[in-house]
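There are 2 protein chains.
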Amino acid sequence: MPTPHRQPRYRAIADELRRRIAAGAIPAGALIPSESALTAEFHVARGTIREAINVIRSEGLVVTEHGRGTYARPDLPVRRLAYDRYQIKTHDVALPGQLATTSGVDKDDQVDAQHQEIPATPKLAQLFGVEPGRMLLERRLLTSAHAVPQQLTTSYYLLDMVAGTTVFDPSREPWPGGHVAQLRLLGVIVTKIQELVRTRMPTGEEADALRLPPGAPIIAVTRRTMADVRVVEVACEMAFSADRTELEYEIYA
Amino acid sequence: MPTPHRQPRYRAIADELRRRIAAGAIPAGALIPSESALTAEFHVARGTIREAINVIRSEGLVVTEHGRGTYARPDLPVRRLAYDRYQIKTHDVALPGQLATTSGVDKDDQVDAQHQEIPATPKLAQLFGVEPGRMLLERRLLTSAHAVPQQLTTSYYLLDMVAGTTVFDPSREPWPGGHVAQLRLLGVIVTKIQELVRTRMPTGEEADALRLPPGAPIIAVTRRTMADVRVVEVACEMAFSADRTELEYEIYA
DNA sequence: CAGTGGTCTAGACCACGCT
DNA sequence: GCGTGGTCTAGACCACTGT
Chain A
1 MPTPHRQPRY RAIADELRRR IAAGAIPAGA LIPSESALTA EFHVARGTIR EAINVIRSEG
61 LVVTEHGRGT YARPDLPVRR LAYDRYQIKT HDVALPGQLA TTSGVDKDDQ VDAQHQEIPA
121 TPKLAQLFGV EPGRMLLERR LLTSAHAVPQ QLTTSYYLLD MVAGTTVFDP SREPWPGGHV
181 AQLRLLGVIV TKIQELVRTR MPTGEEADAL RLPPGAPIIA VTRRTMADVR VVEVACEMAF
241 SADRTELEYE IYA
Chain B
1 MPTPHRQPRY RAIADELRRR IAAGAIPAGA LIPSESALTA EFHVARGTIR EAINVIRSEG
61 LVVTEHGRGT YARPDLPVRR LAYDRYQIKT HDVALPGQLA TTSGVDKDDQ VDAQHQEIPA
121 TPKLAQLFGV EPGRMLLERR LLTSAHAVPQ QLTTSYYLLD MVAGTTVFDP SREPWPGGHV
181 AQLRLLGVIV TKIQELVRTR MPTGEEADAL RLPPGAPIIA VTRRTMADVR VVEVACEMAF
241 SADRTELEYE IYA
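Quick note, the sequences are listed as chains A and B, same order.
Letter by letter, the first sequence follows residues 1 to 253 of this note's numbering.
Letter by letter, the second sequence follows residues 1 to 253 of this note's numbering.
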């Protein structure tokens, strides 16, 4: 079956705008023409222009700001989270005044942390391998680099392991060396970390916190930190803006 | 007195439809009311209804089919690709007539494979650590499970390593035991696999092959297979439908 | 054929950011 | 106040899927 497939006009306009951005005719960070200007240029109704912009916005090429205009999106620096990000660098622990350089948290990062004690939900209990209702420390963390939100993490620790220790003092955020180093200060030696990677659309809270444009997906990682067979930490959904993040892993034979 | 933030009608309607689907009033796989029916029910113009449906479609809750209607999306089985999927099970190699059970390819899967010889592009040459122009075997693979496309992979091998071997005979697809087992039959012992995980919007070709609804993101993995320090295979973009796939990794301290 | 979603028009008024 | 995008209307015709 031959496909004559006449291209709708809004798609042709989307193609043209995409071409201009790729060719540099509209530089990254610059405003694209306003909807009324495009209406005049292409001789179509405004709704058609808006559909075309929807297409390239859902591709992440532009972002719109109410009252200001639509911008060609500047190339965002991609943050690569490497397989060795949980390795403890000795000086991170030796010099506690220093910020962490692992665990996805860099020197330039700002963090906003909240601690709370909660009983384990059935899902958390299953991830931990403990009975529901067991008391946990919940740590909610929003990490920003250069004023751009990067990562929203909710992680959990067994309360009887961490309660009362200075290591988990909320005022000592961000944690030097990351959570693996903090656990080591408590005598807990992490032997294995499991990560489960998914992609999905953000919840409203996640979209707000990470300042995501509508339609942008996130990378959601569920992490379990193990000391031998014991689960000592669970990060139940670390959310990353998908277009600012890549994850690197190594698998050994 | 600040203006109370009134929710737009299309969002309220999207919320209502979301609620009905979550509550089971619209069962998974069933048609939601037609646009004209919703127009009558909510007393709004059809464009407003279409905007509401756009919202829940971009969330992956419904899929629309031209001429048929809009369906609440049935729960798709999620395929978990585990960290041990590259381990060779002895019988996979011992019984070559048997289908692979590793490498993300299961017994029920159908594959559509195409082989081709090409010179290395600069990007591929960099990933391989060889000079550009070096001849490679390109293997394009579309994997389907139960008639649902799952995975689109383009991978590359050094041609002088595989040329003329029966192992890489296109008629022997799918490969028993996956690519690691096939390399072992050539005497190449894989010691390490690196994977780089990203999420992005699909190209048109990818969206067609994986039968993705508009706006659905993909998981894109770049893989490098190593034998000691030598790169013996590169999968430059394995594309998975993001909502049908999750990836599991383990990191050892 | 009737019914569905896909595309498109030509308006209108509102909310927001700037000057 | 002015220009921007956000929401909404009330139509129209087309393309696809079914009977």
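Even for Gly, the Cβ is constructed at its ideal location relative to N, Cα and C.
- If you look at tyrosine 10(A), you'll find it in the alpha helix (DSSP H) that goes 9 to 23.
- Listed along chain A are Ser58, Met201, Pro214, Gly215, each with a C-beta nearer than 9 Å to that of serine 58(B).
- Under the three-state reduction of DSSP output, glutamate 51(B) falls in the helix class.
- Around the Cβ of aspartate 243(B), a 10 Å sphere holds 16 or more other Cβ atoms; the residue is buried.
- In the DSSP assignment, threonine 225(A) falls outside any alpha helix (DSSP H) and lies within the beta strand (DSSP E) extending over 218 to 227.
- Not a single CB atom of chain A sits nearer than 8 Å to the CB of glutamate 35(B).
- Of all residues in the region 183 to 200 of chain B, only Ile189, Val190, Thr191, Lys192, Ile193, Gln194, Glu195, Leu196, Val197, Arg198, Thr199, Arg200 come within less than 8 Å of chain A when Cβ atoms are compared, listed by chain position.
- Glutamate 51(A) does not reach chain B, its nearest Cβ partner there being about 10 Å away, counting only Cβ pairs nearer than 7 Å.
- If you ignore the 5 residues before and after alanine 125(A), its C-beta comes within less than 7 Å of the C-beta of Glu131, Pro132, Arg134, all in its own chain and listed in chain order.
- If you compare the alpha carbons of Ala239(B), Arg50(B), His115(B), Val197(B) with that of arginine 11(B), the shortest gap goes to Arg50(B).
- In this chain, the alpha helix (DSSP H) harbouring alanine 125(B) covers 122 to 128.
- Counting the other Cβ atoms within 10 Å of the Cβ of valine 62(B) gives 16 or more, which makes it buried.
- Under DSSP, methionine 135(B) shares a beta bridge with Pro119(B).
- Below the 8 Å Cβ cutoff, chain A contributes Arg198, Thr199, Arg200, Pro217 as neighbours of alanine 242(B), in chain order.
- Rounded to the nearest angstrom, the gap between the Cα atoms of glycine 215(A) and serine 58(B) is 6 Å.
- Threonine 143(A) is classed as buried because its beta carbon has at least 16 other beta carbons within 10 Å across all chains shown.
- By the CB criterion at 8 Å, methionine 226(A) and valine 232(A) fall inside the cutoff.
- For glutamate 246(A), at least one C-beta of chain B is nearer than 8 Å to its own C-beta.
- About 7 Å separates the beta carbons of glutamine 194(A) and glutamate 248(B), which is inside the 8 Å limit, making them a contact pair.
- Collapsing the DSSP output to three states places leucine 183(A) in a helix.
- No Cβ-Cβ contact shorter than 8 Å links valine 111(A) with proline 202(A).
- Note on threonine 199(A): 16 or more other CB atoms within 10 angstroms of its CB, so buried under the neighbour-count rule.
- Neighbourhood of glutamate 65(B) in chain A, by CB distance below 8 Å: empty, with the nearest CB roughly 17 Å away.
- Contact with chain A is found for isoleucine 251(B), since one of that chain's Cβ atoms lies less than 8 Å from the residue's Cβ.
- The region 40 to 48 of chain A makes no contact with the region 72 to 79 of chain A, as fewer than three CB pairs between them are under 8 Å.
- When beta bridges are read from the DSSP output, alanine 45(B) appears opposite no residue.
- DSSP links threonine 245(B) through a beta bridge to Arg79(B).
- Inclusion of threonine 222(A) and cysteine 236(A) in the CB contact set at 8 Å is warranted, their separation being smaller than that value.
- In this structure, threonine 70(A) sits near leucine 31(A), with a CB-CB distance shorter than 8 Å.
- A check of alpha carbon separations from methionine 161(B) across Gln150(B), Gly178(B), Leu185(B), Leu127(B) identifies Leu185(B) as the nearest.
- Residues Leu186 of the same chain have their beta carbon placed closer than 7 Å to that of threonine 165(A), with the five preceding and five following residues left out of the count.
- Contact annotation: alanine 45(A) and alanine 14(A) have beta-carbon atoms that are not nearer than 8 Å.
- Neighbours of tyrosine 83(B) across chain A, judged by C-beta separation under 7 Å: Ile251.
- The distance from the Cβ of leucine 136(B) to that of leucine 210(B) is about 24 Å, inconsistent with a contact at the 8 Å cut-off.
- Taking C-alpha positions only, glutamate 117(A) is separated from alanine 207(A) by approximately 25 Å.
- Taking all protein chains in view, the Cβ of glutamine 7(B) is surrounded by fewer than 16 other Cβ atoms within 10 Å, so the residue is classified as exposed.
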